[in-house]
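A.B. asks:
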């Protein structure tokens, strides 16, 4: 269908060029310039009749117009017509118009794509509408109950997804005020500020990340943005160091590794170097560390109540790139700390930080 | 499918433009009738194709088809309908499509209304015009394609920049573009004259309506842009000597010079080579403006997204057309027959003076605009050339222009009588001087505003002295009226356009008497501004379709009596999370305006306000309207119309001896 329309358009355009070429032309090319000067002379006569020009002036003006008329008549072109030129032009148009438009359109166009006006997307919109009305309900509720921290905490990530970063920052801030600061919420608030500022870490956001780090040491997302802040302030070396630390200190399959490594490459750091650094730990030293870790594991086997110890063990396994052992240790720790609520919570946070599943 | 048809139509227009650029040119060189005859239908069809393409994009905007990247990036389903239309050109890609549409429109107009023109001239003009079209079509398709698609398609668009969500967007760019692009036709005429060697009084007559038309629209476009900046930017300024504004002022100055030199060429068959040069210059400066705005060399509201590739492309177009036409000029100008010589004291002498001063002032603007850019490119040093530079250079050049303007009207062609002209202008001079003295006595303060206002009064009165002289001999009133109606419309046009300059100058002069107040107040607290008093009655929230606003319902009082109301506001746009202020403006008396802008609203309800009393400020734009009206009158003068010349010559005509 669409190709039929294209063909029709192309045909019409080619015809518009061929039609004048095909017509037998009256070869006497008229020279309207001559008419122009005749008109000018008539005008001078009228000016004189109205008394706007003196007789002498009018005569002089007429003489000049007459001279111009003669010059123009002399210069009138001699028409020519050749069948060859007409044919050449016709063939040129016949080839160039379809060839150029089809090749260029084939490169640029999307002939298979349908129009997608909003009215044709009722179903999609209905889904969207549901989400929107849910948001509207929560918003209404929050206008009436601005003290409801949970409400703010729920709507924050939704705003984030919709790209309403300023609103998200406002929501997380309110949640922190009502429910008390947590590292996660502070980081979320900071992140939404960063997005709102076109991915610049503003001083306000940096402050939030610092606060998050105080609450929970080594929070990787907060650490990442603070490194980014250093980079944006021009401290390239410091930023590179920080990103390298983050890349080394967290498991290679953690979700942020990709972004971190991208930053390292952008800063001129070397990812091979990263691998090399990890492998460069001398075997001796490696053996010693392993021995220490084994000792710690043995101790925890006997007495599993030390939450701090479990955390250290899991972290060590991760650094030693033994994800299976780390996961096993996590499972054991969960069992051992079943009665220690605080310890368990810290453990889960650690697992999340390290990107350990299961 | 409609989107893709629009896209294909644009590609097809490019192919056709290439044919139209080559075949008629070949035909004109060979003097071959059928080949030249290709130009007219091609120009019309080219316009239809671009119009189809433009309509398809507009359709996508109105239907909120976010599968088009351009629509997604610049529209929103809740955007008011008028901005769905005007939003089409409220972005880089769409505005370039509008540019191409107007180019094609001018081509089609020449094709349709040029029956009186020699075939070879018409074929050449349309061929050259099509070179320009082809270059810009290629630019649009390769670097700024408005028909790029998006898959998967988002449900909602990013909305139009709130600064552009204003009726001004519907008016300002089209007017300005018609002005800019209008000079492409005079450029095409100039190139055609150089190629064919056909350069005479008849040529000057063919070019004049196009110059006038372009000039009228450029005048309106600049004035509209300036008024838009005035009411939107929130501090009452209307001209900033911003490079983008200068980019529109330069073609205007060159175009004004062209308008006058073409008159000399038409009447006296002189100044031919100079006129050709000005025609090239006016369009070159239009192209330069496009380059400055679109390349990302400058950043301003006008330079949407910048992309170095686009800049390089436009630079290429710029070099090709300016370089090409100047090379053609260098090769051919010596072969052209120069026109007659003339006495310095004559109408043509005065017009030469006008041309010298206008081009010099254009050059100062050029230097002031480009020097900082060049310096930064070469040395990396950033300097800014602002109002002080232009006031010191542009101002002194414009004062002699204004002094000489009424003289130009008074002097006769060929040989004028300077003393006689001066005697007849005594009244205008007297009114100017008296105005100066009275205004200074009444207003006080610095002398400059009064001097400029006096100058403006002299010009306004002086503009009509010539017409008065022609009517004075009439014995009865009815005789006088019939004489007035019998005068050529171009004489009235000249008088009005010159008076318009005077009125604008008066408005500019009066800015020196303005009052500015920056205050922090709460609702109910009155603030005195000039002779008036402004009170915010209450501050109330209000919902718009895609924004929320805080409106200050405000009263303007004079001697305790409420004489006007206004509703300035602060609007927050949700999608772009941007705040824009809407100034409150009330016009009082002879074009004076109270201007109020809410700079900030504090938590405790106090407002930071900028308040201005600007006497006569509206005259600045009123004067521009009158200038354009003068141009329009001149354009409607039968003598200047193309295509009807033959038929018109059968009817009696007013006698033009302007």
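Residue numbers (my numbering), protein chains in the order written: chain C, 28 to 385; chain V, 29 to 686.
Yeah, the Cβ is synthetic: ideal placement off N, Cα and C, and Gly gets one too.
Keep in mind that this is a model prediction, so the values were computed, not measured.
In terms of alpha-carbon separation, which member of V/168, V/592 and V/376 lies closest to residue 337 of chain V?
C.D. replies: For the purposes of this step, residue 337 of chain V is taken as the residue at position 309 of the second chain. Out of V/168, V/592 and V/376, V/168 has the C-alpha closest to the C-alpha of residue 337 of chain V.
A.B. asks: Buried or exposed: which applies to residue 111 of chain C, given that a residue is buried once 16 or more other Cβ atoms fall within 10 Å of its Cβ?
C.D. replies: By 1-based counting over the first chain, the position of residue 111 of chain C is 84. Answer is exposed; the Cβ neighbour count stays below 16.
A.B. asks: Report back the beta-carbon spacing between residue 153 of chain V and residue 216 of chain V to the nearest angstrom; my notes put them in contact at under 8 Å.
C.D. replies: Against the second chain, residue 153 of chain V aligns to sequence position 125. Against the second chain, residue 216 of chain V aligns to sequence position 188. That pair is a contact at about 5 Å.
A.B. asks: Decide yes or no for the touch test of the region 189-206 of chain C against the region 239-247 of chain C: beta carbon pairs closer than 8 Å, at least 3 of them.
C.D. replies: Flag = no, the region 189-206 of chain C and the region 239-247 of chain C do not touch.
A.B. asks: Rounded to the nearest angstrom, what separates residue 213 of chain C and residue 539 of chain V at their Cα positions?
C.D. replies: Position 186 of the first chain holds residue 213 of chain C. Position 511 of the second chain holds residue 539 of chain V. Distance between the alpha carbons of residue 213 of chain C and residue 539 of chain V is about 52 Å.
A.B. asks: Can you list, in chain order, the residues of the region 122-144 of chain C whose Cβ is nearer than 7 Å to any Cβ on chain V?
C.D. replies: Within the region 122-144 of chain C, the residues whose Cβ lies closer than 7 Å to some Cβ of chain V are 123, 124, 127, 128, 131, 132, 135, 136, 137, 138, 140, 141, 142, 143 and 144, listed in chain order.
A.B. asks: Between residue 215 of chain C and the rest of its own chain, which residues show a CB-CB distance below 7 Å, the 5 nearest in sequence each way excluded?
C.D. replies: Locating residue 215 of chain C in the first chain gives position 188, where the first residue counts as 1. Hits under 7 Å: 183 and 199.
A.B. asks: Given that residue 46 of chain V touches chain C, what residues does it touch there, using C-beta distances under 8 Å?
C.D. replies: Along the second chain, read from residue 1 onward, the residue named residue 46 of chain V stands at position 18. Within chain C, the residues near residue 46 of chain V are 123 and 127.
A.B. asks: Grab me the residues of residue 397 of chain V's own chain with a C-beta within less than 6 Å of its C-beta, minus the 5 sequence neighbours each way, in chain order.
C.D. replies: Position 369 of the second chain, counting from 1, holds the residue named residue 397 of chain V. Excluding residues within five positions, the ones whose Cβ falls inside 6 Å are 271 and 274.
A.B. asks: Examine the Cβ distances between the region 369-378 of chain V and the region 291-305 of chain V and report whether three or more of them are shorter than 8 Å.
C.D. replies: Yes: at least three Cβ pairs fall under 8 Å.
A.B. asks: Could you list which residues in chain C have their beta carbon closer than 8 Å to that of residue 173 of chain V, in chain order?
C.D. replies: Here residue 173 of chain V refers to the residue found at position 145 when the second chain is read from its first residue. Simply 135.
A.B. asks: Given that residue 181 of chain V touches chain C, what residues does it touch there, using C-beta distances under 7 Å?
C.D. replies: For the purposes of this step, residue 181 of chain V is taken as residue 153 along the second chain, with counting starting at 1. Near residue 181 of chain V (Cβ distances below 7 Å), the residues of chain C are 143.
A.B. asks: Ends of the alpha helix (DSSP H) at residue 662 of chain V?
C.D. replies: Position 634 of the second chain holds residue 662 of chain V. Note, residue 662 of chain V: alpha helix (DSSP H), 647-664.
A.B. asks: If we ignore side chains and look at the alpha-carbon of each, how far apart do residue 361 of chain C and residue 374 of chain C end up?
C.D. replies: As a first step, residue 361 of chain C must be located in the first chain, where it is residue number 334. As a first step, residue 374 of chain C must be located in the first chain, where it is residue number 347. Going from the Cα of residue 361 of chain C to the Cα of residue 374 of chain C covers about 8 Å.
A.B. asks: Report yes or no: do three or more beta-carbon pairs, one from the region 41-54 of chain V and one from the region 87-97 of chain V, lie closer than 8 Å?
C.D. replies: With a cut-off of 8 Å, the region 87-97 of chain V and the region 41-54 of chain V do not count as touching, because too few Cβ pairs lie within range.
A.B. asks: Over what stretch of residues does the beta strand (DSSP E) that includes residue 641 of chain V continue unbroken?
C.D. replies: By 1-based counting over the second chain, the position of residue 641 of chain V is 613. First-last of the beta strand (DSSP E) with residue 641 of chain V: 635-642.
A.B. asks: Identify whether residue 592 of chain V lies in helix, strand or coil by the three-state DSSP scheme.
C.D. replies: Stepping through the second chain from its first residue, residue 592 of chain V is reached at position 564. Correct three-state label for residue 592 of chain V: strand.
A.B. asks: Who are residue 569 of chain V's beta bridge partners in DSSP?
C.D. replies: In the second chain, counting from the first residue as 1, residue 569 of chain V sits at position 541. Partner(s): V/578.
A.B. asks: Does any residue of chain C have a CB that is nearer than 8 Å to the CB of residue 111 of chain V?
C.D. replies: The count along the second chain starts at 1 and reaches residue 111 of chain V at position 83. By this cut-off, residue 111 of chain V is not an interface position.
A.B. asks: Could you confirm whether any beta carbon from chain C is found closer than 8 Å to the beta carbon of residue 608 of chain V?
C.D. replies: Sequence index remark: in the second chain, residue 608 of chain V carries index 580 (1-based). It does not: the Cβ of residue 608 of chain V has no partner Cβ on chain C nearer than 8 Å.
A.B. asks: Please name the residue or residues paired with residue 601 of chain V in a DSSP beta bridge.
C.D. replies: Walking along the second chain from the start, residue 601 of chain V turns up at place 573. Per DSSP, V/575 and V/606.
A.B. asks: Are the C-beta atoms of residue 54 of chain C and some chain V residue less than 8 Å apart?
C.D. replies: Mapped onto the first chain, residue 54 of chain C falls at position 27. With a pLDDT of 47 at residue 54 of chain C, under the threshold of 50, the predicted position of this residue should be treated as unreliable, though the coordinate-derived value follows. It does; some Cβ of chain V falls within 8 Å.
A.B. asks: So that I know if they touch, is there some Cβ in chain C lying closer than 8 Å to that of residue 673 of chain V?
C.D. replies: The residue given as residue 673 of chain V occupies position 645 in the second chain. The pLDDT assigned to residue 673 of chain V is 29, lower than 50, so where the model puts this residue is not dependable, and the model offers no usable value.
A.B. asks: Runs of 4 residues minimum, wholly inside the region 490-544 of chain V: which ones carry the alpha helix (DSSP H) assignment?
C.D. replies: Taking only runs of at least 4 residues, the alpha helix (DSSP H) segments lying wholly in the region 490-544 of chain V are 505-514 and 517-538.
A.B. asks: Against residue 47 of chain C, what residues of chain V qualify as contacts under a CB-to-CB distance less than 7 Å, listed in chain order?
C.D. replies: In the first chain, counting from the first residue as 1, residue 47 of chain C sits at position 20. Correct list: 62, 65, 66 and 69.
A.B. asks: Verify the CB distance criterion: does residue 577 of chain V have a CB-CB separation below 8 Å to chain C?
C.D. replies: Taking the second chain and counting its residues from 1, the one referred to as residue 577 of chain V is at position 549. For residue 577 of chain V, the answer is no, since every Cβ of chain C falls outside 8 Å of its Cβ.
A.B. asks: Name, in chain order, the residues that DSSP records as bridge partners for residue 625 of chain V.
C.D. replies: Your numbering for residue 625 of chain V matches position 597 in the second chain. Note: residue 625 of chain V sits in a beta bridge opposite V/638.
A.B. asks: Can you list, in chain order, the residues of the region 121-136 of chain V whose Cβ is nearer than 8 Å to any Cβ on chain C?
C.D. replies: Here the close residues number zero.
A.B. asks: Which bits of chain C does residue 571 of chain V rub up against, with CB to CB less than 8 Å?
C.D. replies: One-based indexing of the second chain puts residue 571 of chain V at position 543. Within 8 Å Cβ-Cβ: nothing; residue 571 of chain V doesn't reach chain C, min ~14 Å.
A.B. asks: Between the beta-carbon of residue 665 of chain V and the beta-carbon of residue 516 of chain V, is there less than 8 Å?
C.D. replies: Here residue 665 of chain V is taken as the residue at index 637 of the second chain, counted from 1. Here residue 516 of chain V is taken as the residue at index 488 of the second chain, counted from 1. In contact: residue 665 of chain V and residue 516 of chain V (Cβ atoms closer than 8 Å).
A.B. asks: Quick check on residue 177 of chain V - is its C-beta less than 8 Å from some C-beta in chain C?
C.D. replies: Sequence index remark: in the second chain, residue 177 of chain V carries index 149 (1-based). Answer yes: the Cβ-Cβ gap between residue 177 of chain V and chain C drops below 8 Å somewhere.
A.B. asks: Alpha carbon to alpha carbon, what distance is there between residue 205 of chain V and residue 127 of chain V?
C.D. replies: In the second chain, counting from the first residue as 1, residue 127 of chain V sits at position 99. In the second chain, counting from the first residue as 1, residue 205 of chain V sits at position 177. The alpha-carbon atoms of residue 127 of chain V and residue 205 of chain V are separated by roughly 6 Å.
A.B. asks: Could you check how far apart the C-beta atoms of residue 603 of chain V and residue 104 of chain V are, in whole angstroms? I think they sit under 8 Å.
C.D. replies: In the second chain, residue 603 of chain V corresponds to position 575, counting from 1. In the second chain, residue 104 of chain V corresponds to position 76, counting from 1. Between residue 104 of chain V and residue 603 of chain V the Cβ distance is about 6 Å, and since that is below 8 Å, they are a contact.
A.B. asks: Taking 8 Å as the CB-CB limit, is residue 35 of chain V close to chain C?
C.D. replies: Translated into positions along the second chain, residue 35 of chain V becomes position 7. Yes, residue 35 of chain V counts as interfacial toward chain C.
A.B. asks: Looking only at its own chain, which residues have a Cβ that is under 6 Å from the Cβ of residue 174 of chain V, when we skip the five neighbours before and after it?
C.D. replies: Position 146 of the second chain, counted from the start, is the residue given in the question as residue 174 of chain V. Within the same chain, residue 174 of chain V has close Cβ partners 85, 98, 121, 122 and 125.
A.B. asks: Who are the neighbours of residue 345 of chain C on chain V, taking C-beta pairs under 7 Å?
C.D. replies: Stepping through the first chain from its first residue, residue 345 of chain C is reached at position 318. In chain order: nothing, as chain V lies at least about 37 Å away.
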